[in-house]
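Just below is one structure, and these are the notes that go with it.
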Amino acid sequence: MRTRARFWRGHAAHACAAAILIAFAPGRAARAESAGNERAAPDSSATADSLAPMPADSLSATLAGSLAVRDSVPRGDPPADASDGADYEVERDPSLDAGEMEVGYSLASRANGRLFQRRRIEMREAGVEAEVREGRGDALSGAALGTRVPGGWLALGRASPRWGRGLLVGSPLEPWRPSGLAATSGAPRPRAGDAAEFRGAGRVAVDLIAARQGHDAFAALGFGTRAAALELALTRALDAGESRVLAGVRFSGSDREAEIALDDHGSWRLEAVRPAGDHGLSLGARLGHADFAGAGRPRTAPPGAALGASLRGSPRAHVRAALEGALWRFADARSGHRGALEVTADMAQHEAFTMGFEERRGPRRATAADAGALRQGVWAEWRRNGPGLAMNLRHEWWGESGGLAAPVRELVTAELESRPRPGALLGLTVWLHRTVAGEPQYLGESEIDRNIWRAVSGRGSRTRLRLGLPVAGGTVRASLTVSQSGGSSPPPQWTLDWSRRARARG
Amino acid sequence: MREALRALVGARAGTLVGARACALVGARACASLVALALIAAHAHAQDFASPARAGTGETPGAFLESALPGALGARSLEMIAIQWDPRGEMTTRALAACAITRGIEWGAGISSTGDGEIGWNSLALAIGRAARAHGAGVRVLARRDRAADASGARALGAEAGAGFWSRVGARGKIWASAPMAFAVGEPPPLDRGLETGVSLSGPAFSAWALWSAPAGAVDAAEHGLGLACESGALSLWAEARSRPLRAAIALRARRGDFTVTARVDEHPVLGETVRFSLGVGAPP
Numbered sequence: 002m003r004t005r006a007r008f009w010r011g012h013a014a015h016a017c018a019a020a021i022l023i024a025f026a027p028g029r030a031a032r033a034e035s036a037g038n039e040r041a042a043p044d045s046s047a048t049a050d051s052l053a054p055m056p057a058d059s060l061s062a063t064l065a066g067s068l069a070v071r072d073s074v075p076r077g078d079p080p081a082d083a084s085d086g087a088d089y090e091v092e093r094d095p096s097l098d099a100g101e102m103e104v105g106y107s108l109a110s111r112a113n114g115r116l117f118q119r120r121r122i123e124m125r126e127a128g129v130e131a132e133v134r135e136g137r138g139d140a141l142s143g144a145a146l147g148t149r150v151p152g153g154w155l156a157l158g159r160a161s162p163r164w165g166r167g168l169l170v171g172s173p174l175e176p177w178r179p180s181g182l183a184a185t186s187g188a189p190r191p192r193a194g195d196a197a198e199f200r201g202a203g204r205v206a207v208d209l210i211a212a213r214q215g216h217d218a219f220a221a222l223g224f225g226t227r228a229a230a231l232e233l234a235l236t237r238a239l240d241a242g243e244s245r246v247l248a249g250v251r252f253s254g255s256d257r258e259a260e261i262a263l264d265d266h267g268s269w270r271l272e273a274v275r276p277a278g279d280h281g282l283s284l285g286a287r288l289g290h291a292d293f294a295g296a297g298r299p300r301t302a303p304p305g306a307a308l309g310a311s312l313r314g315s316p317r318a319h320v321r322a323a324l325e326g327a328l329w330r331f332a333d334a335r336s337g338h339r340g341a342l343e344v345t346a347d348m349a350q351h352e353a354f355t356m357g358f359e360e361r362r363g364p365r366r367a368t369a370a371d372a373g374a375l376r377q378g379v380w381a382e383w384r385r386n387g388p389g390l391a392m393n394l395r396h397e398w399w400g401e402s403g404g405l406a407a408p409v410r411e412l413v414t415a416e417l418e419s420r421p422r423p424g425a426l427l428g429l430t431v432w433l434h435r436t437v438a439g440e441p442q443y444l445g446e447s448e449i450d451r452n453i454w455r456a457v458s459g460r461g462s463r464t465r466l467r468l469g470l471p472v473a474g475g476t477v478r479a480s481l482t483v484s485q486s487g488g489s490s491p492p493p494q495w496t497l498d499w500s501r502r503a504r505a506r507g
Numbered sequence: 226m227r228e229a230l231r232a233l234v235g236a237r238a239g240t241l242v243g244a245r246a247c248a249l250v251g252a253r254a255c256a257s258l259v260a261l262a263l264i265a266a267h268a269h270a271q272d273f274a275s276p277a278r279a280g281t282g283e284t285p286g287a288f289l290e291s292a293l294p295g296a297l298g299a300r301s302l303e304m305i306a307i308q309w310d311p312r313g314e315m316t317t318r319a320l321a322a323c324a325i326t327r328g329i330e331w332g333a334g335i336s337s338t339g340d341g342e343i344g345w346n347s348l349a350l351a352i353g354r355a356a357r358a359h360g361a362g363v364r365v366l367a368r369r370d371r372a373a374d375a376s377g378a379r380a381l382g383a384e385a386g387a388g389f390w391s392r393v394g395a396r397g398k399i400w401a402s403a404p405m406a407f408a409v410g411e412p413p414p415l416d417r418g419l420e421t422g423v424s425l426s427g428p429a430f431s432a433w434a435l436w437s438a439p440a441g442a443v444d445a446a447e448h449g450l451g452l453a454c455e456s457g458a459l460s461l462w463a464e465a466r467s468r469p470l471r472a473a474i475a476l477r478a479r480r481g482d483f484t485v486t487a488r489v490d491e492h493p494v495l496g497e498t499v500r501f502s503l504g505v506g507a508p509p
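In order, the protein sequences belong to chains H and A. Residue 114 in the working numbering sits at position 113 of the first sequence, and the numbers go up by one each step. Residue 501 in the working numbering sits at position 276 of the second sequence, and the numbers go up by one each step.
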């Protein structure tokens, strides 16, 4: 046991060293950008001691709770600033306990027939967290290190921090997503950019960050308590060579949160929310100048004004319902609205049945290309998540102004996942999809270290077979994916992944 | 050969295409096309198209086609005869068997469709496991043309798929079957993407609704409704499907370990298909 502990400690030390080296290695941000993925970060204020990414949210996923098929990813679309027609990848929370570490090696085929290797190591010790991902062409490659230091916590490397409501540091929430401004987390975003961040501990603390994100490099200071803090930031646009100074104040309580930020040109933005969780009325509002931008500018500017409300509750026993509405307006005065109703009936045998309706109109990007045509969608889903066996059936239709008579997007999903014993897995997912030109459609897939939103178009199908077996003290996961689109069938793609989790201490 | 036929009847709505094709091709090929079009229109099975209720897997042939286990006795044997077109020029003969050992349901079958000129032979295997409240299975089928092509080779193809079902409440059931999730070699004659459905069963009546679409055209899905009544050893059921609207009626009689089932599908353009099966084996 001691020998094994020494072995893992040795690897942990190597991981930390590698993390530091990779974190400060040049060119990683460029690699990520070339992969077509905009990275952002977890809410550092909310997950102060965690390297985990923000969980994705969707109305279904929120209501589904623990009934989602275990290996599935949440549904919904990637953030509006994701690249069109490209797959979108987000790190998956390894859920390591303190004193655990995990190593993994992946081999996968690509559409061009080449093999693709990935390696990773993640560890969480008392006072130290590290994650290293490496692989040529991997959009998520890089390292992140977090360690306890005198007076607080120091994080280095791949990160995308978010303070408060994300107005000054981070990405603001998208009002057209489920729960809108009152959501507890934003759109699924991978960690992007490079940052060195110190988060102070104690009742009155100082937070410091220096980061490079996209085309911006910035440094920010936060000073205050958990309830209220003053924020200052100096940011420089690397593409335009301009510098800006920003200041803000954020307030955070158990049942409300607010942030106001302004820049040296006098532009300001205010956002306040009153989240109510799974029961009650949640409210959120955003006001301010349309041309305000935080320290790290997103690829597409978020709406400057927005209003959102969400009412959740259980009108009857074993029935949950969510009614949501949102309004938003961009700088060019184009506006949008969204309304949704979803009802879930919890049944016996670990089953649940969900039906929902949504109407949405208006652009989600501040570009003329996004016409923001009216979309109406309905979906019905049945789920069963019994011990060792999960099943899921979902039909989803989206139509334009004529309702569902002429659907512009259809998606049918059948999913079966069996876990007969620990480490063993047999899963099959079949998607049948159809979209008209210009209509985005994503299929959620999950790999052992990441969630992937596969961009698909036209008519087609996708079938994914997953196998998992305990091998050599770890777990081997294999997947085979066959797809068909527009009458053509590209070569099958496969992945092979081995991972092992162990305790760093004996 | 099969590819040319599939080009005409690949889509569910291809029945009309098949009818129009009659004017262009010879009678024999026309019969084959029509028969295949009927298969496409029925959409739920091809090589082992047992006259069974949708989503049940209640016969060995249905189990081999849908990979839905849980409705068979310890040992079952089924002989299937299908006349796809009114002229009887396109037929299928199949033999399917099933056994349950240690809770695992095994099925195997052989089938022959068409004749030596336009036809194929099939070998299918299926395995599944069912509990009281749910079940799942997988199937594999290999198909080989009966006639050789210009190079003297006989086209060979295989497909694999899976299905699962679950009880919903005391009398409800929901199922999904993707019989052709994977295919290699010569493509199958039909595109059977996914079928999902729900059913409600009572002591004497049962009803079901289903949705079925080819993998390459989810917007060409068809919908079906069925109603069955049982009285002692007799069962009678009817089913209607869309695209185009058509209907089927079936009668089953059971005596001892023997079961006889006959089903007639009526198509507004292409006429009728008759299916007959003789089963041996005690019900579960």
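Even for Gly, the Cβ is constructed at its ideal location relative to N, Cα and C.
Assigned with DSSP and collapsed to three states, residue 184 of chain H falls in coil, not helix or strand.
With respect to residue 417 of chain H, residue 432 of chain A sits apart: the two C-beta atoms are not nearer than 8 Å. For the region 421-439 of chain A, residues whose beta-carbon sits nearer than 9 Å to a beta-carbon of chain H comprise 421, 423, 436, 438, 439. In the DSSP assignment, no residue is bridged to residue 423 of chain H.
Relative to the Cα of residue 383 of chain A, the nearest Cα in the group A/484, A/392, A/367 belongs to A/367. Among the residues facing chain A, residue 399 of chain H is not included, as its CB has no counterpart in that chain under 8 Å away. Rounded to the nearest whole angstrom, the CA to CA distance from residue 182 of chain H to residue 274 of chain H is 7 Å. Within chain A, no C-beta atom comes nearer than 9 Å to that of residue 319 of chain H; the closest sits roughly 12 Å away.
In this structure, residue 376 of chain H sits away from residue 395 of chain H, with a CB-CB distance that is not shorter than 8 Å. Between the C-alpha atoms of residue 82 of chain H and residue 303 of chain H there is a straight-line separation of about 9 Å. Separation of residue 500 of chain A and residue 475 of chain H (C-alpha to C-alpha, rounded to the nearest whole angstrom) is 52 Å.
Near chain H, meaning a CB-to-CB distance below 9 Å, no residue of the region 282-302 of chain A qualifies. Interface annotation, residue 392 of chain A: in contact with chain H, CB-CB separation under 8 Å. By the neighbour-count criterion, in which a residue is buried when 16 or more other Cβ atoms sit within 10 angstroms of its Cβ, residue 363 of chain A is buried.
DSSP places residue 288 of chain A outside any beta strand (DSSP E); the residue lies instead in the alpha helix (DSSP H), whose first and last residues are 285-291. Taking C-beta atoms as the reference points, residue 331 of chain A and residue 305 of chain A fail to come closer than 8 Å.
By the rule that beta-carbons nearer than 8 Å mark a contact, residue 348 of chain H touches chain A.
Distance from the CA atom of residue 440 of chain A to the CA atom of residue 374 of chain A, rounded to whole angstroms, is 27 Å. Look at the region 463-490 of chain H: the residues with a C-beta under 7 Å from a C-beta of chain A are 464, 483, 485, 488. Minimum Cα-Cα distance from residue 329 of chain H among the listed residues H/177, H/155, H/494, H/260 corresponds to H/177. The closest CA to that of residue 409 of chain A, considering only A/343, A/381, A/295, is found on A/381. For the pair of segments examined, the region 234-245 of chain H was found not to touch the region 136-148 of chain H: the number of CB pairs separated by less than 8 Å stays below three. Among the CB atoms of chain A, none fall inside 8 Å of the CB of residue 439 of chain H. A contact between stretches requires three or more CB pairs, one per stretch, nearer than 8 Å, and the region 487-501 of chain H fails this requirement with the region 463-481 of chain A. In the DSSP assignment, residue 236 of chain H falls within the unbroken beta strand (DSSP E) covering 229-238.
Minimum Cα-Cα distance from residue 95 of chain H among the listed residues H/500, H/208, H/258, H/450 corresponds to H/450. In terms of beta-carbon proximity, residue 415 of chain H lines the interface with chain A, with at least one pair separated by less than 8 Å. Residue pairing by DSSP places residue 442 of chain H in no beta bridge whatsoever.
Within the model, the alpha-carbon separation for residue 187 of chain H versus residue 366 of chain H is close to 16 Å.
For residue 300 of chain H, the closest alpha carbon among the candidates H/478, H/190, H/129 is that of H/190.
Within the DSSP secondary-structure output, residue 356 of chain H pairs in a beta bridge with H/344, H/381. For residue 329 of chain A, not one C-beta of chain H is nearer than 8 Å to its own C-beta. Residue 382 of chain H has a beta carbon lying at 8 Å or more from every beta carbon in chain A.
For the region 374-399 of chain A, the set of positions with a beta-carbon nearer than 8 Å to some beta-carbon of chain H reads 387, 389, 391, 392, 393, 394, 399 in chain order. Per DSSP, the unbroken beta strand (DSSP E) holding residue 397 of chain A starts and ends at 397-410. If you check each beta-carbon in the region 336-353 of chain A against every beta-carbon of chain H, none falls closer than 9 Å.
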